[in-house]
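Protein chains in written order, with UniProt numbering: chain D, 1 to 439; chain B, 1 to 333; chain Z, 1 to 308.
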């Protein structure tokens, strides 16, 4: 076989080439990827949702790093894709050690796979820690009565905001009843102002309307049934009534004409509202911090707020609140030893008073027991007090549906709601779609 | 058909009428080369097939194996955290009954056809024009070329800003174009149209360039002969330029079609598949099921379907436009 | 891209005869660029090009002009108003928002991808065109199969593979699949180019007793320079513009490439459109500089993808 020699030689050459190539590649990329994704031995990777409130977490990381040998490294994940990215990385070895979440469905899949540290023992060891938070809010982050989360941001009830100047110009008063609200819609339409700003490209903002309406029509029980996996919850007349009401609101021109292409994540709706092109905005309490970051003057003197009114013949308690009780830190169970101790130590920093003070200074109302004494320090004490009372007096605080249900259901939930608002689904079509898609 | 006839009559117009003959003529050249290869049948200096090994291994690892893995995952239920569970054909029957999927396939095909219909004539016309020699053409061609320098992400972001109904360009010029409220992206047809327009804006330069290259390679003698025959510009275009560009059209079309089936970046940024699901094309639906709902098994089934559709469409296109000729060229190598 | 298969020396398409088929196309190209194409001015196409100029030019103007404006000015006066008080603050803001880190990552990804693709497609192309064994045709068919596969379709298994290789959130996670999906077109282009090299040249090298490596380096690579630069341009652009792989396979800021960085600026700059558009403009600058200095190579490279 004379062929042998050249052939084996070229195999040799080819494999040398391949090896050299691989070596070159790895060396080159090693230079490029010097910042490791959180698997170092001497630091813990902390993930947080990036928005106007992130600076509070930046400050706490700094404080923590002054006291600890194991340093915390903050990764700010842009809000738009936070849940998706967090979920994607949790399936990999590069998962964060400590991460921001919404409790409930946002972590239930991780709990199922034993991926989170049970914080119960830490509470037992340190009763003060447990006492530091408002019990109902601490509980809202629990899954199967086990604590996996430490509250780390302000309370986030959904509030009906209004633009004081626009109201003044129209000689209008904030709505106290559903009829008031319908009347205001007409008033503002006549004035050429969009009654409600709505960010139709971000369906979770539309979801807030659905959540409040279902609650006002049928009470908090309706969603509790849905959440527990009882698909017949969608059959509740409150759901259909809600869908019909939304169609009616849309048809009345409540949200103007181009809400379908307005966004929230790039502040489209908030800017419209602050600039007086829209009179009201149904949004989470973070809207205040958000406006403060972009239009400080408006946040200070132009922003008004009230509760979502009761609906005639509704069974729900008008004091009920929807939204996010707060956000939580959870600790990854894969974080072991020294790093786990550091991670738990880090999340405890959220119970300290300087953390609450930072939240207050940022315009948030902390979910800590000592918040009452701090409210006066809020730059807008009436807003802080309003929010605090609203949450404290609420017989029920329903977690945002897209966080309460598991990730698997979120896209369908959002799509169906968007279609309802866009008129692509009829009210009955909406109910049928929900029954079918949410399992 | 005087133009074509005279071109064929021209002793120098070798490729004859239209490309098929040109193709066969070329194949003859290929054969000749192959024949010559046969003469020098010594193995000295020839590489062994092992030279292909690193490339093949690499390609198999990161393209072929994942492809096969998609096939496997499409029969499982996998949430990305645990391990995939075999569920047989569950995903496939779900896929078959999923209205979103039907809509996505329809939208993908529609977008592909429309993309071709919009981009091909414009790129063809611009390319032929840019193949000329005047100075100002060079400057203009340079400007046309600019969108090609930006990534689809960058361009989608720019257009997202320009199409903002309240603060964008569309708010100012929308009424003049018939969009009273600037609500282009909130309207099913408008959103699809926006994707069509933005991708055309981005990719027409590439296809213009391809046609420009093709048009420059057309022998001038063909036009000279046609001019003597008194054929006008339009006639020359249809009887010489177009037939001569046949292969270029195939190339450009294949790139366009495979590209249009996968306009993911633009859809994600510009419309997020909305309003509702009205711009959720197949790759977007896969992303949504896979990396938002974390239903990765089902998303794999969608992906497998995407592979089938993409392969089928390109094969069909290639068949329709005489790919078999190419195949024989390949076999002659 | 499949048209590459048709490639052969340009010379005979112009003359129509089998005239020196061995002439490398590199030599034939510049002459062609000057001396052919329709002779008469094409008015309809000229008009179309003017319309297209407006369609391309107007948004580009808004894009660039906006970068010199303030956020409030943009919101209050609308996108078409002139920047009355031009400011460079946006550039300052973007450049201090990790822009250079993103750019650096993209450069690494682009360079490494192009290097991998060039080396692998040259060796594969060489084997496909010159190797005797029947295997080489199989190899070619494998790559042809890869042509129609959209890279997006395999993102889920790639995610699985990358995770298992412990490569999630590294630049390598982006580089490996991106390079793999540039290979089919590249192999096609290079096989086309290499097939045009005259047999006699191989024979004379063989007479000199040159082994395959020497033939590759001394003959095949120099003669395929046009094809190699096409492959380089194609794979570099592919890597430069890649989005879905980085979106899903990387996370941390230190491994963020420019496309993903731009996408994430939306969340960071929010309603600050001028800052966002500035980031877009800055992302185009590096490639624009390349374009200015290597316009011909870039354009010829892209034309090469189309296969003339």
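Quick reminder that beta carbons are idealized off the backbone N, C-alpha and C, glycines included.
Using DSSP with H/G/I as helix, E/B as strand and the rest coil, what is residue i?
| i | result |
| --- | --- |
| residue 317(B) | helix |
| residue 121(D) | helix |
| residue 368(D) | strand |
| residue 160(D) | strand |
| residue 115(D) | coil |
| residue 33(D) | Because residue 33(D) sits at a pLDDT of 40, beneath the cut-off of 50, its placement in the model cannot be relied upon, and the point is left open. |
| residue 284(D) | strand |
| residue 439(D) | coil |
| residue 332(D) | strand |
| residue 148(D) | coil |
| residue 21(Z) | The predicted model places residue 21(Z) with a pLDDT of 38, which falls under 50 and marks its position as unreliable; any figure quoted below should be read in that light. Note: residue 21(Z) maps to coil in three-state DSSP. |
| residue 154(D) | strand |
| residue 278(D) | strand |
| residue 60(D) | helix |
| residue 294(B) | coil |
| residue 71(D) | strand |
| residue 22(B) | Model confidence at residue 22(B) stands at a pLDDT of 35, short of 50, so the residue's coordinates are unreliable and nothing is read from them. |
| residue 378(D) | coil |
Take residue i as the anchor and find which of the options has the nearest alpha-carbon.
| i | options | result |
| --- | --- | --- |
| residue 398(D) | 129(D), 266(D) and 105(D) | 105(D) |
| residue 143(D) | 129(D), 159(D) and 114(D) | 114(D) |
| residue 68(B) | 56(Z), 292(Z), 157(Z) and 74(Z) | 157(Z) |
| residue 48(B) | 114(Z), 174(Z) and 211(Z) | 211(Z) |
| residue 106(Z) | 276(Z), 279(Z), 255(Z) and 300(Z) | 255(Z) |
| residue 283(B) | 253(B), 86(B), 314(B) and 101(B) | 101(B) |
| residue 193(B) | 249(B), 223(B), 115(B) and 99(B) | 115(B) |
| residue 370(D) | 288(D), 192(D), 131(D) and 170(D) | 131(D) |
| residue 199(D) | 193(D), 192(D) and 207(D) | 207(D) |
| residue 245(D) | 126(D), 301(D), 428(D) and 172(D) | 428(D) |
| residue 327(D) | 153(D), 300(D), 186(D) and 346(D) | 153(D) |
| residue 53(B) | 140(Z), 226(Z) and 112(Z) | 140(Z) |
| residue 160(D) | 62(D), 283(D) and 228(D) | 283(D) |
| residue 411(D) | 314(B), 288(B), 312(B) and 247(B) | 288(B) |
| residue 118(Z) | 92(Z), 88(Z), 273(Z) and 184(Z) | 184(Z) |
| residue 53(Z) | 201(B), 212(B), 267(B) and 302(B) | 201(B) |
Let's see if you can read the secondary structure: which residues bound the alpha helix (DSSP H) around residue i?
| i | result |
| --- | --- |
| residue 213(B) | 188–216 |
| residue 267(Z) | 258–269 |
| residue 364(B) | There is simply no residue 364(B) to check, as chain B begins at 1 and stops at 333 in what is shown. |
| residue 311(D) | Element bounds for residue 311(D): n/a, residue is neither H nor E. |
| residue 164(Z) | 155–164 |
| residue 179(B) | Counting along the chain, residue 179(B) falls outside any alpha helix (DSSP H), and DSSP gives it neither H nor E. |
Would you kindly report the start and end of the unbroken beta strand (DSSP E) that includes residue i?
| i | result |
| --- | --- |
| residue 163(B) | Here residue 163(B) belongs to no beta strand (DSSP E), and DSSP marks it neither H nor E. |
| residue 196(D) | 194–197 |
By DSSP's criteria, residue i is part of a beta bridge. Which residues make up the other side?
| i | result |
| --- | --- |
| residue 245(Z) | Paired residues: none, contrary to the question. |
| residue 76(D) | 48(D) |
| residue 303(D) | 163(D) |
| residue 86(B) | 76(B) |
| residue 399(D) | 323(D) |
| residue 143(D) | 146(D) |
| residue 99(D) | 47(D) and 330(D) |
| residue 298(D) | Bridge partners of residue 298(D): none, in fact. |
| residue 133(D) | 368(D) |
Return the Cβ separation of residue i and residue j in integer angstroms, given the expectation that the two are a contact with Cβ distance under 8 Å.
| i | j | result |
| --- | --- | --- |
| residue 222(D) | residue 243(D) | That pair is no contact at about 13 Å. |
| residue 97(D) | residue 350(D) | About 15 Å; that fails the 8 Å criterion. |
| residue 196(B) | residue 148(B) | Incorrect: roughly 18 Å between the Cβ atoms, too far for contact. |
| residue 419(D) | residue 276(B) | 4 Å |
| residue 216(D) | residue 304(D) | With a Cβ gap of about 21 Å, residue 216(D) and residue 304(D) do not count as contacting. |
| residue 70(D) | residue 44(D) | 6 Å |
From the beta carbon of residue i, is the nearest beta carbon of chain A less than 9 Å away?
| i | result |
| --- | --- |
| residue 85(B) | In the structure shown, chain A does not exist; the protein chains are D, B and Z. |
Quick one: is the Cβ of residue i within less than 8 Å of any heavy atom of the ligand NAD?
| i | result |
| --- | --- |
| residue 196(D) | Although the ligand NAD was asked about, the structure shown includes no ligands whatsoever. |
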